[in-house]
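Engineer:
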Amino acid sequence: MARMVPVFLCVFLLAYGRPAFAQSYHPVDKSSSVKVTVKNAGMDVEAVLTGLEGEISFNPADLKTASFNISLDARTVSTGIDVRDENLRGEEYLNTGAHPRIGFVSKQVTQMRPGAYTVKGTLTIRGISKDISIPFTAVAKNDGLLFSGECRVNRRDFKIGEGSLVLSDGMQLSLSVFAKKI
1 MARMVPVFLC VFLLAYGRPA FAQSYHPVDK SSSVKVTVKN AGMDVEAVLT
51 GLEGEISFNP ADLKTASFNI SLDARTVSTG IDVRDENLRG EEYLNTGAHP
101 RIGFVSKQVT QMRPGAYTVK GTLTIRGISK DISIPFTAVA KNDGLLFSGE
151 CRVNRRDFKI GEGSLVLSDG MQLSLSVFAK KI
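Numbering (the UniProt record's numbering), first residue to last: 1 to 182.
1) So, for Tyr25: in the same chain, excluding its five sequence neighbours on each side, which residues have a beta-carbon less than 8 Å away from its beta-carbon?
2) Residues in its own chain within less than 6 Å of Asp73 by CB, not counting five upstream and five downstream?
3) Just mark Gly127 as buried or exposed, buried being the case when its beta carbon has 16 or more other beta carbons within 10 Å.
4) Give the DSSP bridge partners of Ser78, in chain order.
5) Whose C-alpha, out of Val109, Gly170, Phe104, Leu165, is nearest the C-alpha of Pro27?
6) With DSSP as the reference, label Asn69 as helix, strand or coil.
7) Let's test the definition: count the other Cβ atoms within 10 Å of the Cβ of Leu165 and tell me whether it reaches 16, buried, or not, exposed.
8) Taking buried to mean at least 16 other C-beta atoms within 10 Å of its own C-beta, is Leu14 buried or exposed?
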């Protein structure tokens, strides 16, 4: 009987412990949208990226267990102009030959108000990692969650287009990531 207690305790913790509270999700690339907007010669240029992969652990009742580990395929950058897209994939901009993925790994998630949060983490572009914060919302949708947020990053922090005299430093990231429960 004494041996049954530790076995029962282990089974109970596996079934009802912390992992049961953390809800795991996978981003759905085709139902998500990642856009980057930057001023080029004074005009807004929008690029879309796809190839979203990763894992999200999110439970609004227990944000200590929340985590985001997601990435995009940098080679998919598309502005709708093939010549520009090839230039963006080149060494001066995203350098996708050496760095095919753009990644984000969270460090902390905090609640701002019901349904509104901020995630702090590390964004990696071109092999350069910088800490950023992204305010976002999380809304239940079709047996999953829709995460939506925006933030600005400085392209020079990632050595993107350093030789450009007409590209603004600030880039607006707009995220709409649908994630399904695993």
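The beta carbon of each residue, even a glycine, is placed where N, CA and C say it ideally should be. Note that this is a predicted model, so its numbers are computed, not measured.
Structural biologist: Working from what's here:
1) Glu55, Ile56, Ser57, Phe58, Gly144, Leu145, Ala179, Lys180, Lys181, Ile182
2) Gly51
3) exposed
4) Val48
5) Phe104
6) strand
7) Under this definition Leu165 is an exposed residue.
8) Only weak support exists for where Leu14 lies, its pLDDT of 38 falling under 50; the value from the coordinates is given anyway. Its Cβ having fewer than 16 others within 10 Å, Leu14 is exposed.
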